[in-house]
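Colleague: This is the structure I want to talk about, given as structure tokens.
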Amino acid sequence: MKFEQPVALKEIARLINARLVGNTEAYATGINEIHMVEEGDLVFVDHPKYYETCIKSAASFIIINKETDFPEGKALLVTDEPFEAYLKIVEQYRPFKPSMDLVAASAVVGEGSVVMPNVYLGNNVVIGKNCVIYPNVTILDHCVIGDYVIIQSGTVIGGDAFYYNKKTNREIHYKKMTSCGRVVIKDFVEIGAGCTIDRGVTGDTVIGEGTKIDNQVHIGHDTVVGRNCLFAAQVGIAGAVVIEDEVILWGQVGISKTLTIGKGAVINAQSGVPSSLDGGKIYFGTPALEARTKVKELAWIKRIPEMWDKLKALSSGTVNEK
Amino acid sequence: MKFEQPVALKEIARLINARLVGNTEAYATGINEIHMVEEGDLVFVDHPKYYETCIKSAASFIIINKETDFPEGKALLVTDEPFEAYLKIVEQYRPFKPSMDLVAASAVVGEGSVVMPNVYLGNNVVIGKNCVIYPNVTILDHCVIGDYVIIQSGTVIGGDAFYYNKKTNREIHYKKMTSCGRVVIKDFVEIGAGCTIDRGVTGDTVIGEGTKIDNQVHIGHDTVVGRNCLFAAQVGIAGAVVIEDEVILWGQVGISKTLTIGKGAVINAQSGVPSSLDGGKIYFGTPALEARTKVKELAWIKRIPEMWDKLKALSSGTVNEK
Amino acid sequence: MKFEQPVALKEIARLINARLVGNTEAYATGINEIHMVEEGDLVFVDHPKYYETCIKSAASFIIINKETDFPEGKALLVTDEPFEAYLKIVEQYRPFKPSMDLVAASAVVGEGSVVMPNVYLGNNVVIGKNCVIYPNVTILDHCVIGDYVIIQSGTVIGGDAFYYNKKTNREIHYKKMTSCGRVVIKDFVEIGAGCTIDRGVTGDTVIGEGTKIDNQVHIGHDTVVGRNCLFAAQVGIAGAVVIEDEVILWGQVGISKTLTIGKGAVINAQSGVPSSLDGGKIYFGTPALEARTKVKELAWIKRIPEMWDKLKALSSGTVNEK
Chain A
1 MKFEQPVALK
11 EIARLINARL
21 VGNTEAYATG
31 INEIHMVEEG
41 DLVFVDHPKY
51 YETCIKSAAS
61 FIIINKETDF
71 PEGKALLVTD
81 EPFEAYLKIV
91 EQYRPFKPSM
101 DLVAASAVVG
111 EGSVVMPNVY
121 LGNNVVIGKN
131 CVIYPNVTIL
141 DHCVIGDYVI
151 IQSGTVIGGD
161 AFYYNKKTNR
171 EIHYKKMTSC
181 GRVVIKDFVE
191 IGAGCTIDRG
201 VTGDTVIGEG
211 TKIDNQVHIG
221 HDTVVGRNCL
231 FAAQVGIAGA
241 VVIEDEVILW
251 GQVGISKTLT
261 IGKGAVINAQ
271 SGVPSSLDGG
281 KIYFGTPALE
291 ARTKVKELAW
301 IKRIPEMWDK
311 LKALSSGTVN
321 EK
Chain B
1 MKFEQPVALK
11 EIARLINARL
21 VGNTEAYATG
31 INEIHMVEEG
41 DLVFVDHPKY
51 YETCIKSAAS
61 FIIINKETDF
71 PEGKALLVTD
81 EPFEAYLKIV
91 EQYRPFKPSM
101 DLVAASAVVG
111 EGSVVMPNVY
121 LGNNVVIGKN
131 CVIYPNVTIL
141 DHCVIGDYVI
151 IQSGTVIGGD
161 AFYYNKKTNR
171 EIHYKKMTSC
181 GRVVIKDFVE
191 IGAGCTIDRG
201 VTGDTVIGEG
211 TKIDNQVHIG
221 HDTVVGRNCL
231 FAAQVGIAGA
241 VVIEDEVILW
251 GQVGISKTLT
261 IGKGAVINAQ
271 SGVPSSLDGG
281 KIYFGTPALE
291 ARTKVKELAW
301 IKRIPEMWDK
311 LKALSSGTVN
321 EK
Chain C
1 MKFEQPVALK
11 EIARLINARL
21 VGNTEAYATG
31 INEIHMVEEG
41 DLVFVDHPKY
51 YETCIKSAAS
61 FIIINKETDF
71 PEGKALLVTD
81 EPFEAYLKIV
91 EQYRPFKPSM
101 DLVAASAVVG
111 EGSVVMPNVY
121 LGNNVVIGKN
131 CVIYPNVTIL
141 DHCVIGDYVI
151 IQSGTVIGGD
161 AFYYNKKTNR
171 EIHYKKMTSC
181 GRVVIKDFVE
191 IGAGCTIDRG
201 VTGDTVIGEG
211 TKIDNQVHIG
221 HDTVVGRNCL
231 FAAQVGIAGA
241 VVIEDEVILW
251 GQVGISKTLT
261 IGKGAVINAQ
271 SGVPSSLDGG
281 KIYFGTPALE
291 ARTKVKELAW
301 IKRIPEMWDK
311 LKALSSGTVN
321 EK
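In order, the protein sequences belong to chains A, B and C.
Note that full-length UniProt numbering has the first sequence beginning at 1, numbered continuously upward.
Note that full-length UniProt numbering has the second sequence beginning at 1, numbered continuously upward.
Note that full-length UniProt numbering has the third sequence beginning at 1, numbered continuously upward.
This is the structure we're talking about:
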């Protein structure tokens, strides 16, 4: 997320009780996870394994639990608990102040759009022109909906990321990393009933122009979906996935986190995708293979009994000349 | 869908700017997709591959993009864009006029039925006697619910069909085909929480008497489910499927579109069904096979290492006499 | 369920028109299914196969359709239709009296908790301290939510069990067994959007402390989930399952009814679990196997063509010496 206006590093260091090293006079423009950082951003890290990635990333300022070398012009904010620091910063600069109205005063609905009864629109929600938002839809704070978008009943846009900091030495192992990102839905997108599209942790979950989504589809935090995609019912896409343009996912397909599915890929129903897939091909199975490979595999499996018979014949000396 | 009263073909031809050929004095009683047409109906077709099916169907009047031979007594409405013509006709004769009340003035609720808080009932919804509709249920325009029906919270009845006209030469590839059909739920049906049952595109999606549906089940447009079926949680059924009486689908089963599942079939959990299945049998797997076949297949797979060992022995000249 | 105060067996026998045999002067403290019974409870049984289990169970009083031997101190309530008797008792002692307010007068919300717009809280619902209940959540009668619990939009807590008495000689084969149990959510639990957690039939569905649940997860009646579990999106867990502490279920996993999943088990995405699993291991596949076994199996399947070639070579007398 970006701050409403740049914030002095010294102010942030004081807030999170960190020792400031390096470019102490700088101003931060926002705070983001390592996958989402831009110049001017803060990033946070508590594991030596990720120190270098964070220090060399686009982020200008690193909240870290150990002083380390870093490039000229950047700064470290050294504190024992970088994740706690992240939570404090979000709490301070994007506090949770839920609107208790069905349509928040700060929500904007464009001309020609129909918002039906029992729809919740949170703070700073923007809905474009000529949309239809069906009853019992929930659109949470800061989400942005384009023009000519249809969202059917029961769908939830902008739920929190399923994103936790795990430490088994705490009584409660998982600690929620507050989401401060958004969902951005582009023009001509249609979303079915009973879907859930989570906000980014610090960045945006994006659904590209003209993409059509059937009922009961789940899309995780920070996932970016391209243009003119088609997702059938009960598809599940985990967090931080990239789905390129014109991808078709048939019913009940599951996609694991942080993958890329290439342009125009078609994934048949119920497939499970554990790794990135090239575009322009048809896939099937769990784990998903190219459909023609999978079809051959299924045919081979059916021939096992025949192979067994051949083996028996060979073992007994009767060579099967078939 | 049927028109409220028969409409002169000439009026329709004028509306959609079509050239009228044949029985020009006739009246149309409704408009339907090819799977749903009856005598007196209009049908629409833009691909030569389907011309003959449409012209020979029960439909009396064909909206088509090329003049073709047709039987005596029928009529053609020739226009470049039959799908656009369909959309215009629906817009004219069943316009989208969403009720902005939680319970539409035209909705009817039968004696003894309980409609709990935050339920949305759209225009012309009919609810029978002695039903319970739990909080946060959405029932959209024209849907019909029988007697002694229970619908649990969060469920959406009558969402739009996931049904698009695709042309990749448009910037937005998929164009929504407006749904004007209904959902019809028969007596003694029970529907769990978080389910979605889509309306027919032009016809009815039907759930037969006494069928019981668990939570988070999706049922697509125009699907017709028989009597006394049982669907466990997270089952997904695509569009235009026929499920005969007494079918049991266990959890997370997926059924592809336009199939028929025969009476009394039982499909085990997580199975994926790509083609029609005979009744009276038990199925399992993706693609679903008869369960006993699938069980044997799984057993054969486990014997591959043993076969490998036999092969090695044979290759090295040591015949395994086991 | 427990009665508000103990009820004389004679009063119950009169209500259900049963013949009372044995300890006729006793008082019952509640009525429960066989899996849930405690001393002082009534239980009900109509099939000789389960007579002995019920009579020897912790239950003190047995509603049964045939007089049978039973231990000293217990009592039988003999009636033709024990399931009907169950329904009558629930109707009498825990009648369905739905609150027609969004927040029932008897619902209690603890200090520091935020209940957002359009949330339904049923009769006797208890919400602890410092919770956030997002818009369009439904929490039905008698459910109990701990402290620091987050429940996201569209989720339904306390829907009825998917639990029927089946008799194919009735026109309507399935007859609902009224649920009178609860859902109990412990402290620090977080539940995503669009989830459904059903109440126990007569007992409690429980989610243990610190467990985190992603979107569109279904949890069936009477299932008991331990502490610090993690369930990813679209997981489905059937009824009466025991999930021990620290279990991780990845996306779209399905668990069949009445199983036990041992402490610390990890089940990979899309796996289907038909039988209980030991703790401390990683599983994958449908049916789920230990992941390393499944990985080997997949590798063996890929070697079938190679085996076929070897077999062909052997059959033709050309021994492959590879």
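Glycine residues also receive a C-beta, built at the ideal position from the N, C-alpha and C atoms.
Could you confirm whether any beta carbon from chain B is found closer than 8 angstroms to the beta carbon of A/L311?
Modeller: In the first sequence, residue 311 of chain A corresponds to position 311, counting from 1. It does: the Cβ of A/L311 has a partner Cβ on chain B nearer than 8 angstroms.
Colleague: In the structure shown, what three-state DSSP assignment does A/R292 receive?
Modeller: The residue labelled residue 292 of chain A in the question sits at position 292 within the first sequence. A/R292: helix per DSSP, three-state reduction.
Colleague: Just to confirm the assignment, what range does the beta strand (DSSP E) spanning B/R303 have?
Modeller: Translated into the one-based positions of the second sequence, residue 303 of chain B becomes position 303. Careful: B/R303 lies outside any beta strand (DSSP E) and carries neither H nor E.
Colleague: Beta-carbon within less than 6 angstroms of A/E25's beta-carbon, same chain only, minus the 5 sequence neighbours each way: which residues are those?
Modeller: Taking the first sequence and counting its residues from 1, one reaches residue 25 of chain A at position 25. If we look at A/E25 and ignore the five residues flanking it on each side, it has no Cβ neighbours.
Colleague: From the DSSP output, which residues share a beta bridge with C/I243?
Modeller: What you label residue 243 of chain C is simply residue 243 of the third sequence in a count that begins at 1. Note: C/I243 sits in a beta bridge opposite C/V225 and C/I261.
Colleague: Measuring alpha carbon to alpha carbon, tell me which residue in A/V126, A/I145 and A/L102 is nearest A/P135.
Modeller: Numbered from 1 along the first sequence, position 135 holds the residue referred to as residue 135 of chain A. That would be A/L102, whose Cα lies nearest to the Cα of A/P135.
Colleague: Within its chain, find whatever has a CB closer than 8 angstroms to the CB of C/D187; leave out the 5 residues flanking it on each side and keep chain order.
Modeller: The residue you call residue 187 of chain C lines up with position 187 of the third sequence. Same-chain partners within the cutoff: G128, G146, D147, Y148, V149, E209 and G210.
Colleague: Would you decide whether C/K310 is buried or exposed? Buried here means 16 or more other CB atoms lie within 10 Å of its CB.
Modeller: Position 310 of the third sequence, counted from the start, is the residue given in the question as residue 310 of chain C. With 16 or more other Cβ atoms within 10 Å, it is buried.
Colleague: Rounded to the nearest angstrom, what separates B/G203 and A/A232 at their Cα positions?
Modeller: Taking the second sequence and counting its residues from 1, the one referred to as residue 203 of chain B is at position 203. Taking the first sequence and counting its residues from 1, the one referred to as residue 232 of chain A is at position 232. Rounded to the nearest angstrom, the two C-alpha atoms are 21 angstroms apart.
Colleague: For the region 146-168 of chain A, list every residue whose C-beta sits within 7 angstroms of some C-beta in chain C, in sequence order.
Modeller: Per Cβ criterion, the list reads G154, V156, G159, D160, F162 and Y164.
Colleague: Near C/V183, which residues of its chain fall below 6 angstroms by C-beta distance, leaving aside the five closest residues on each side in sequence?
Modeller: Here residue 183 of chain C refers to the residue found at position 183 when the third sequence is read from its first residue. Hits under 6 angstroms: C143, I157, G158, I197, R199 and T205.
Colleague: Relative to chain B, which residues along the region 195-223 of chain A have a C-beta separation below 8 angstroms, given in chain order?
Modeller: Listed in sequence order: E209, G210, K212, D214, N215 and Q216.
Colleague: Give the straight-line distance between the Cα atoms of B/S99 and A/M116, rounded to the nearest whole angstrom.
Modeller: Along the second sequence, read from residue 1 onward, the residue named residue 99 of chain B stands at position 99. Along the first sequence, read from residue 1 onward, the residue named residue 116 of chain A stands at position 116. Approximately 8 angstroms between the Cα atoms of the pair.
Colleague: Using a Cβ-Cβ distance under 8 angstroms, would B/W300 count as near chain C?
Modeller: As a first step, residue 300 of chain B is located in the second sequence; it is residue number 300 there, counting from the start. No, its Cβ sits nowhere closer than 8 angstroms to a Cβ of chain C.
Colleague: Pull up the CB-CB distance for residue 326 of chain A and C/Q216, whole angstroms please, since I reckon it's below 8 angstroms.
Modeller: Beyond the ends of chain A as shown, which are 1 and 322, falls residue 326 of chain A; an answer cannot be given.
Colleague: Comparing alpha-carbon positions, which option in B/C180, B/I62, B/A193 and B/N123 lies nearest B/L20?
Modeller: For this step, residue 20 of chain B is matched to residue 20 along the second sequence. The residue with the shortest Cα to Cα distance from B/L20 is B/I62.
Colleague: So, with DSSP's three-state summary, where would you put C/P287?
Modeller: Counting from one through the third sequence, the residue named residue 287 of chain C turns up at place 287. DSSP places C/P287 in coil when its eight states are reduced to three.
Colleague: If C/S179 sits next to C/Y163, beta carbons under 8 angstroms apart, how far is it from one beta carbon to the other, in whole angstroms?
Modeller: The count along the third sequence starts at 1 and reaches residue 179 of chain C at position 179. The count along the third sequence starts at 1 and reaches residue 163 of chain C at position 163. Going by Cβ atoms, the distance from C/S179 to C/Y163 rounds to 7 angstroms, so yes, they are a contact pair.
Colleague: Along the region 103-135 of chain C, where does the CB come closer than 8 angstroms to a CB of chain A? Name the residues.
Modeller: Within the region 103-135 of chain C, the residues whose Cβ lies closer than 8 angstroms to some Cβ of chain A are V114, M116, P117, N118, V132, Y134 and P135, listed in chain order.
Colleague: Give a yes or no on contact between the region 29-49 of chain C and the region 62-79 of chain C, applying the rule of three or more CB pairs nearer than 8 angstroms.
Modeller: Touching, per the Cβ criterion.
Colleague: What is the residue span of the beta strand (DSSP E) that C/R182 lies within?
Modeller: For the purposes of this step, residue 182 of chain C is taken as the residue at position 182 of the third sequence. Taken as a continuous stretch (DSSP letters only), the beta strand (DSSP E) holding C/R182 covers R182 to I185.
Colleague: Return no unless some Cβ of chain A is closer than 8 angstroms to the Cβ of B/H173.
Modeller: Here residue 173 of chain B is taken as the residue at index 173 of the second sequence, counted from 1. At least one chain A Cβ lies under 8 angstroms of B/H173.
Colleague: Under 8 angstroms Cβ to Cβ from C/K167, same chain only, skipping five residues before and after it: list those, please.
Modeller: Your numbering for residue 167 of chain C matches position 167 in the third sequence. Cβ neighbours of C/K167 beyond the five flanking positions: H173 and K175.
Colleague: I'd like to know if C/D101 contacts chain B, where contact means its C-beta is closer than 8 angstroms to some C-beta of that chain.
Modeller: Counted from its first residue, the third sequence places residue 101 of chain C at position 101. C/D101 counts as touching chain B.
Colleague: Does the distance from the CB of B/A265 to the CB of B/V247 come in under 8 angstroms?
Modeller: As a first step, residue 265 of chain B is located in the second sequence; it is residue number 265 there, counting from the start. As a first step, residue 247 of chain B is located in the second sequence; it is residue number 247 there, counting from the start. Their beta carbons are under 8 angstroms apart, which means B/A265 touches B/V247 by this criterion.
Colleague: Would you mind listing the alpha helix (DSSP H) stretches within the region 69-133 of chain A that are 4+ residues and don't spill past its ends, in chain order?
Modeller: DSSP runs (the alpha helix (DSSP H)) wholly in the region 69-133 of chain A: 82-93.
Colleague: Answer yes or no: does any C-beta atom of chain A fall closer than 8 angstroms to that of C/E297?
Modeller: As a working note, residue 297 of chain C is residue 297 in the third sequence. No, C/E297 lies away from the interface with chain A (no Cβ there is under 8 angstroms from its Cβ).
Colleague: Can you pull the chain C residues whose beta carbon is under 7 angstroms from the beta carbon of A/G254, in chain order?
Modeller: In the first sequence, residue 254 of chain A corresponds to position 254, counting from 1. Within 7 angstroms Cβ-Cβ: G251, Q252, A269 and Q270.
Colleague: What are the residues of the region 227-253 of chain C that lie near chain B, defined by any Cβ-Cβ distance shorter than 8 angstroms?
Modeller: Within the region 227-253 of chain C, the residues whose Cβ lies closer than 8 angstroms to some Cβ of chain B are Q234, G236, A238 and Q252, listed in chain order.
Colleague: Thinking C/G272 and C/A288 are a contact (beta carbons under 8 angstroms), I'd like their distance in whole angstroms, please.
Modeller: As a first step, residue 272 of chain C must be located in the third sequence, where it is residue number 272. As a first step, residue 288 of chain C must be located in the third sequence, where it is residue number 288. Right, the Cβ-Cβ distance comes to about 6 angstroms (below 8 angstroms), so this counts as a contact.
Colleague: Please look up how many angstroms separate the CB atoms of A/G181 and A/M1, rounded, as I've assumed it's under 8 angstroms.
Modeller: Against the first sequence, residue 181 of chain A aligns to sequence position 181. Against the first sequence, residue 1 of chain A aligns to sequence position 1. Between A/M1 and A/G181 the Cβ distance is about 6 angstroms, and since that is below 8 angstroms, they are a contact.
Colleague: Kindly list, in the order they appear in chain B, the residues whose Cβ is closer than 9 angstroms to that of C/L314.
Modeller: Indexing the third sequence from 1 puts residue 314 of chain C at position 314. Those are L311, L314 and S315, listed as they occur along chain B.
Colleague: Indicate whether B/K257 and B/E244 have their beta-carbon atoms separated by less than 8 angstroms.
Modeller: Reading the second sequence from its first residue, position 257 is the one you call residue 257 of chain B. Reading the second sequence from its first residue, position 244 is the one you call residue 244 of chain B. Result no, Cβ atoms of B/K257 and B/E244 do not sit closer than 8 angstroms.
Colleague: For B/T53, does the three-state DSSP call read helix, strand or coil?
Modeller: Residue 53 of chain B sits at position 53 when you count from the first residue of the second sequence. Here B/T53 sits in helix by DSSP.
Colleague: If we ignore side chains and look at the alpha-carbon of each, how far apart do B/K302 and A/V242 end up?
Modeller: As a position in the second sequence, residue 302 of chain B is number 302, starting the count at 1. As a position in the first sequence, residue 242 of chain A is number 242, starting the count at 1. Their backbone Cα atoms lie some 37 angstroms apart in a straight line.
Colleague: Under a CB-based cut-off of 8 angstroms, is C/T178 close to chain B?
Modeller: Counting from one through the third sequence, the residue named residue 178 of chain C turns up at place 178. Not an interface residue.
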